[in-house]
Each structure stands twice: as C-alpha cells, then as structure tokens.
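Notes follow the structure.
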Amino acid sequence: MKYTWLLIAAVLLGACEQARTPLYLPSSEDYPQKLSAWGVLQQRDGQLQPVEGVQPYDLNTPLFTDYAHKLRTVWMPQGSHARYAETRFDYPVGSVLSKTFYYPVDAEGRLLRIEQHSAEAVVLKRVRLIETRILLHQEQGWVALPYVWDEAQREATLEWAGASFDLQLHDEAGEVLSVDYQVPDANQCAGCHEEQVGKGLQPLGPKARHLNKDFAYADGAANQLQHWQKIGFLQGMPADMASVPRNALWSAPREGESLEQQARSYLDANCSHCHNPEGPGRTSGLYLDPATPLGIAYGLCKQPVAAGKGSGDRLVDIHPGAPEKSVLSFRLHSTDPSIMMPELGRSTSHREGLEVIDRWIASLDGEC
Amino acid sequence: MRLAAPSAIALSLLLTACGESEAPPVASLDFQKQLQTQLIKAKPGEVIEIPAGTWQLDRSLSLKVSGVTLRGAGMDQTILNFKGQKSGAEGLLVDASDFTIEDLALEDTKGDALKVVGGQNIIIRRVRTEWTNGPATENGAYGIYPVQTENVLIDGVVVIGASDAGIYVGQSRNVVVRNSRAERNVAGIEIENTIGADVYDNVATGNTGGILVFNMPNLPQPGHTTRVYRNKVEGNNHKNFGHKGTPVASVPAGSGVLVNSNDKVEIFDNDIGDHRTANVIVSSYFSTGYTDLSTTDDFDPYPEAIHIHGNRFGPGGDSPDNFELKALRLAKFGLNGRLPDILWDGYVNPEKLVDGNLPVELAICIDNGEAGIVNVDGPGGYKNISTDIEPHRCELPRLPAVQLRAALAEVGE
Chain Z
1 MKYTWLLIAA VLLGACEQAR TPLYLPSSED YPQKLSAWGV LQQRDGQLQP VEGVQPYDLN
61 TPLFTDYAHK LRTVWMPQGS HARYAETRFD YPVGSVLSKT FYYPVDAEGR LLRIEQHSAE
121 AVVLKRVRLI ETRILLHQEQ GWVALPYVWD EAQREATLEW AGASFDLQLH DEAGEVLSVD
181 YQVPDANQCA GCHEEQVGKG LQPLGPKARH LNKDFAYADG AANQLQHWQK IGFLQGMPAD
241 MASVPRNALW SAPREGESLE QQARSYLDAN CSHCHNPEGP GRTSGLYLDP ATPLGIAYGL
301 CKQPVAAGKG SGDRLVDIHP GAPEKSVLSF RLHSTDPSIM MPELGRSTSH REGLEVIDRW
361 IASLDGEC
Chain P
1 MRLAAPSAIA LSLLLTACGE SEAPPVASLD FQKQLQTQLI KAKPGEVIEI PAGTWQLDRS
61 LSLKVSGVTL RGAGMDQTIL NFKGQKSGAE GLLVDASDFT IEDLALEDTK GDALKVVGGQ
121 NIIIRRVRTE WTNGPATENG AYGIYPVQTE NVLIDGVVVI GASDAGIYVG QSRNVVVRNS
181 RAERNVAGIE IENTIGADVY DNVATGNTGG ILVFNMPNLP QPGHTTRVYR NKVEGNNHKN
241 FGHKGTPVAS VPAGSGVLVN SNDKVEIFDN DIGDHRTANV IVSSYFSTGY TDLSTTDDFD
301 PYPEAIHIHG NRFGPGGDSP DNFELKALRL AKFGLNGRLP DILWDGYVNP EKLVDGNLPV
361 ELAICIDNGE AGIVNVDGPG GYKNISTDIE PHRCELPRLP AVQLRAALAE VGE
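Here the protein sequences come in this chain order: Z and P. The first sequence: position 164 = 164 (UniProt numbering), numbered continuously. The second sequence: position 279 = 279 (UniProt numbering), numbered continuously.
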C-alpha cells in the first residue's frame, strides 16, 4: 500500500518536473514549505536559473540590502498579462515574483562585497544563496513569503518569522565588513510592500520607472518593458517610449541624468514605499516619492516630527548645502536600528548611495 | 493560545544567571520565533497569552491582524526585554484595529517600545514601558506611541525613561489617557496633532515636562480639543535629555503643563506644582527656534482658546531653564522672586486681532484664584513683559468629554 502511494507520488513529482510550470495558486493558503515546489527556479548545469517561461529582470536604481546581489523573476499564468500604468501595473491573479538574495564567493568560499552585474542566472559554485522571497498575487491580494536557503544550497524553506545570519563580506582592498543579515518575517515584508496603507501588499520593483532599462537576455539585450510587451506579459504600453517614466541608472547614469535625478531615484527605491502620502511613513509628513516636488514635504528645511534620537541633533531633514546638518543623511549613515533609515533591510550603510545623497544635498542652494 | 510555560521558567533562570555575569543578553530565539509566528498567523478574535517570565528578544515584534488581544500575566510578571536588539525600530509594531494589549512590560527597546499606527479601537492597559537604565539620551524615543489612530484607551500604564515622550499620542482622534504614570521621560504625556483627547487621573513626575499638548507643522491633521484634568503634575524638573530637532527639545526643564501651537485646550482641577520654569506654559511654534521656511502656509502656530481654571498650583517659576527667562525673572521679580504660575510667550495672530485685541473665543482665559500670568513678549524680543491678568479674565465654553465607541467604553468603564 505504502509503496503504491510512493510510486504515485514519484510519478506525480516526475510529471511536475517535466512540465516545469510554476505553481498557480489563485486562492489557497496552502503555501509550499519548500521553494522548489513553486517551480519558478531550477538548479541546472550548476546554475540557479528561472524555469522556461519565467523572466528575469532588474531595476534602474535598486533597493540597497547589505550589498546582497539579487536575481529577480516574474511569471504570469499562461494567457494572462499585466496592464501598464505609469505608477503601478495591474498584475493578473496567479502572478509570482521571486527575488533571490545571494553573495558572490571567492575560491576560498569567502563572501565578497562587489557591485552587482545583471544576470539571467547564478552560478552556484560562485555564490552563497541566502534567501528567496516570493510575492504571490492571489484573489484576496498579494502575499509575501520568505524562504531561507539551507547550508547545502539545495533547497529553501518557508520561514514565516524570518531568520538571521552573521556574515563577513570581503572587498578588493582586503577590508572586511560584518553584516548582521536579517531575513524579514512575513509582517516585515508587508511593512515595506504595503505602500498604500489599507490597500494590501504591492510589488515595489516591477514598475515602469524601475523596469524601463535594457536587460541582457540570452538572445540579446532589449528594453525590459518592450520585451515584456513582446512576450505578452504587458499590455497597454504607450506607443511613445519617451512618455514612459525612467529612473536614473544606478552607478552608471545615462547621459543627461542629473545628480538630482540620481539622488531622487535612490530615495525613490529606498524610501518612497513608506515615505509617500499614503505609506506607513506618512505619519512623519516626509514624502520621498517621485510625485512630491522638492519642498518642505520632500524634507527641505522640514523639522522631523517623531524622529526621536533619529534627529541626530540636526534641526531639519534636508539642509541645503549641508549634508552634515541634514537628518536625512544622518539616518542613512546610521546602522542603529532605532535611528537608521530604511528601518529594515540593512545592517550596514551604503557608502556609494550616501556619497550620491550627500553630494546632492551639498549641491543645493538656500537657507533654512 | 498559550506559549509553553515550563520553558519560560527554565529560560528565566538562565537569563538571571546571564544577568549576574554581565554577559550580553542571550535572546530567547525559540520564544521569539514562536511568538512572532503566532502574531503573523493570528486570526481575528484570538487571544495570545504570554506567560510570566523575562523574555529576551533581539528583533521587533509586529502584528497586522485586527481583532487580536495580546495578554501577559502582569506588567511586572511578563517582561519582554529587548536589550541588545539587532533589528527593528520598535519593540512591538501594530498596524491593526480592534487591538488590545494588557498586563505586560516592554523593556529596553532600541527605538520606540510600542507603536500602533493607523488602527481604530485600541486598548492599551496595565502595560509598562521602561528603559531600565533610567533616563538617558540613548534610550528609545517613545514608550507608548499610537499615531493616526482613532478611539484609543490608554489606561493604567507606566512609562519610564523615554528619551522623547513616555506616552505620545500623535495625529489621532478620540483618545483617553488615564490612571497612568509617566516618570523620568523628557515629556511625560504628549498629545500632538490630535482631535479630542481627555487626559485625566494621571501622575506625571520627574520628567522634563509633565503633560504636553502640541501641534506640529506639515502634518495632515492639526489638533484641537484636549482636556487635561485631575492629574498630579509635580516636580517635572529633569534636565532635558532629548535630541535637538525633536519637538520636545525646546521644552525647558521644569515645565508642568505645556501647550504649544494647539487650540481649544482646557486645563482644570489638576495639582500642578514644583516646576522651576513654570507650572503652565502656553507658547507658539515661533518659540521653538524655526523660521517660516520650515512651515507650510496653512500651519497655525498660535495657541488659541486655552482655558485654565480651578487648578491647585504648588511652587514654581523660581529657577527657569532658559537664559532669557532667567534674566527676566531677576529683572522683574527680584533675586528671590518667582515667575507667575502661567507663562505665555505672547504670540498672537495679527490677522485675528479686533481693535488690537484677540476675540475672547481665541483668548487664553484664566479663572484660577490667585494664579498669575506673565506675558514674556516673545514677538517684541522679551522687552515688554506684562503680568496684567485682566485680558485673561474670561471664560470659554467647557469642552465636551471624549466619547469612546461603545465597545471600548464598555471595557473601559
């Protein structure tokens, strides 16, 4: 009897293996305990790669997460598509987004702190996988599920309450950076992804302004939005690409992308999911979303409301010409959980990001 | 649902041992994971009980499900201690409605102890938030911090050592704070940008400022209508250990009840005494050191319709924590003199003056026996000091009591 069941199970699993279609879960709360059961990513030829039909993507200016590299994927059920809108797309029920956080490792297995290059897949021998976050669109809304990779790097397991890792990152200069890596719990996922309070979770990265860039697909580079349109993932794109918003390209700004655009793109990706008029950070009155003009609401000469020690004894969020007098810079520099911004997702400060923000604040004219 | 009690005992024994050797606290990781998982998977109506014991945590807890009760065995029995916290800006973050938390303590959080953002029908009772090292600048900002909430009852809580406000109610509606004790915080109890708050039968002592009613600029909701009554506000003379840039940074040590930029505030039947700056201060945003480059045009910085009556004032005003006020006391009241009980910075909205006077419905009205007022003439650079009480001999309509929604009132009363 037992044997029969096993056999059936094996056949079923085999069948799934063959079909390689991601899991379609429009309503059930029966979320897989193992990442592999999603059928989004596969380990093949020494690589972690999206299964066929699942698209990798990346973003113009991404969120900083303790120098982790990220493999992002999107999948939509056969025959369905997302609908374009300038602010956020309307994704079909059943859509599965995945984001795998990993670090490159050297020959001795040491974790490295190096710039990310966009990739379609990850060579398993050269990385350490930390976690994969699944964002699933169900009939009742989006659900965020954190999966943590095992030491053998074979499988990741659903951890509702998150996890933590002590990591050491080595850079080219031989410097070692200690990272107190925190895999978010499911509520913390929602803490960022509920960018409009009361309206449920939303995808943050895959929006027009973040996706509007080229990606090196296996069959050649192409603009991601146009590629999505071509393969039927996206409908309703404006005919004129110039009318599609585009954030600055991080660390390699395109010609004409000003310092202010770079800084605002950075604050958009790292802050605006909370700091927008409808987000969890709205209680501060500080809005760092693209729609808010550079004025008091964007922090200019604005007194912090409930920053506590986050004020760092500085009087205003952005003091033109003076990053050293600006709360914004202080909180981005800090790694103290009660001071730092963003509140979650990092235990180190992002030197390269701060350099841009501080240079931008220093470039502003005016007084408070 | 009840967490396993035996491990609590084992763990608290272990923690005691650690405490004695001064080793860094060891987080009760299994407990933490179990509790956070319960909070994530909670269903409306669920009661999560946390047994007695001292539980060591190293990351924030959070709740997003409405209708949940979190219950301990008593504010001195069930202790969630966050010393050495590695992540999260608060101890417990709640983003849900119909939430009750009772009979437990949150200690030594890195940031705020309990933050409730955006919910309705919130009961926080017999909860203690404390920084056990005592007042210190590196302590978290707020003890109990509901913000953008509605129908809130804070009852019988104890808040100690916050580097900003012990109880901080921000941008909320319909709030009652009562039977609580705020001790050795920068601000004991602070009501900010809130519409309809009753603050009564509380004790505020040993703070920099006892009870604050503030309005901050650049927020969606200006506050008004707060009643502060039957409280004991005594000996709030602690050196200000807040951070510059925060609203409380401008609070002088030795402030009893302080109204800043807020309207319709009624202060009555309190015992207020032993404050070296003043027992009551009424001031405008202009006195906090910011220029109008920091405020949007629609912000009203003037405190209006402030009604002070029937309080019992103790000593005060003998040693103000402010250079101008020190000089003023000496010049005007002599070496052994004291400032009157009520201190006003003197800012009025020039656009609202009628024949040079503020209409009575916007005035600061005082009916408080012998208690006097000093207008320190902030707008005139502290030159035309006045102690004339005549312009303040007026009466304002009594403010209505806060009506909490029925379900809340039932458990509350």
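Where a beta carbon is used, it is the ideal one built from N, C-alpha and C, also for glycine. Predicted model, so just to flag it, every value in this text is computed and none were measured.
For the segment 180 to 193 of chain Z, the beta-carbon criterion of a distance under 8 Å to any beta-carbon of chain P is satisfied by Asp180, Gln182, Asp185, Ala186, Asn187, Gln188, Ala190 and Gly191. Just so you know, the alpha carbons of Arg128(Z) and Ala163(Z) end up roughly 16 Å apart. Looking at the backbone, the Cα of Glu131(Z) and that of Asp66(Z) are separated by about 13 Å. Among the residues facing chain Z, Asn81(P) is not included, as its CB has no counterpart in that chain under 8 Å away. Scanning its chain for C-beta atoms nearer than 6 Å, with the 5 sequence neighbours on each side dropped, one finds around Ser87(P) the residues Arg59, in chain order. A residue is called buried when at least 16 other Cβ atoms come within 10 angstroms of its Cβ; Met241(Z) does not meet this threshold and is exposed. Cys192(Z) carries a helical assignment under DSSP once its states are collapsed to helix, strand and coil.
A Cβ of chain P is located within less than 8 Å of the beta carbon of Ala161(Z). Under the DSSP assignment, Asp268(Z) falls in the alpha helix (DSSP H) whose first and last residues are Leu259 to Cys271.
When DSSP states are grouped into helix, strand and coil, Trp38(Z) belongs to the helix group. Within chain P, the residues placing a beta-carbon under 8 Å from that of Arg314(Z) are Lys244 and Gly245, ordered along the chain.
Tyr84(Z) is the residue among Thr21(Z), Trp38(Z), Leu25(Z) and Tyr84(Z) whose C-alpha sits nearest the C-alpha of Val244(Z).
In the DSSP assignment, His210(Z) falls within the alpha helix (DSSP H) that extends over Ala208 to Leu211. If you draw a straight line from the Cα of Arg125(P) to the Cα of Gly273(P), it comes to about 27 Å. The three-state reading of DSSP puts Pro104(Z) in strand, counting E and B together.
Here the alpha carbon of Gly210(P) sits roughly 8 Å from the alpha carbon of Ala182(P). Here Glu352(Z) carries a helix assignment [DSSP, helix/strand/coil].
Pairwise C-beta distances place the segment 329 to 346 of chain Z out of contact with the segment 256 to 272 of chain P, as fewer than three of them are shorter than 8 Å.
Within the same chain, Asp112, Ala162, Asp164, Ala165 and Tyr168 come within 6 Å of Tyr142(P) by CB-CB distance, once the 5 residues on both sides are set aside.
Going by DSSP, Asp298(P) is part of no beta strand (DSSP E) at all; its letter is neither H nor E. Here DSSP, grouped into helix, strand and coil, assigns Arg126(P) to strand. C-alpha of Tyr181(Z) to C-alpha of Tyr102(Z): approximately 11 Å in a straight line. The distance from the Cβ of Lys125(Z) to that of Gly46(Z) is about 6 Å, consistent with a contact at the 8 Å cut-off. Going by beta carbons, Ile385(P) and Lys332(P) fall inside the 8 Å limit.
Closest in alpha carbon position to His227(Z), among Ala82(Z), Pro62(Z) and Glu352(Z), is Ala82(Z).
Taking CB atoms only, Val147(P) has a neighbour in chain Z less than 8 Å away.
By the neighbour-count definition (other C-beta atoms within 10 Å, threshold 16), Ile144(P) is a buried residue.
Of the residues assessed, Pro315(P) falls on the exposed side of the cut-off, its CB having fewer than 16 other CB atoms within 10 angstroms. Between the C-alpha atoms of Asn262(P) and Val213(P) there is a straight-line separation of about 7 Å.
For Val117(P), the chain Z residues whose C-beta falls within less than 7 Å of its own C-beta are Pro280 and Thr283, listed in chain order. For Thr291(P), the nearest CB of chain Z lies under 8 Å from its own CB, placing it at the interface with that chain. At a cut-off of 8 Å between C-beta atoms, Val197(Z) counts as an interface residue with respect to chain P.
The beta carbons of Asn215(P) and Gly196(P) sit no closer together than 8 Å.
Taking a C-beta cut-off of 8 Å against chain Z, the contacting residues of the segment 212 to 227 of chain P are Met216, Pro217, Asn218, Leu219 and Pro220, listed in chain order.
Non-local beta-carbon contacts of Ser80(Z) in its own chain, meaning distances under 6 Å to residues more than five positions away in sequence, involve Pro92 in chain order.
Just so you know, the alpha carbons of Ala96(P) and Gln36(P) end up roughly 15 Å apart.
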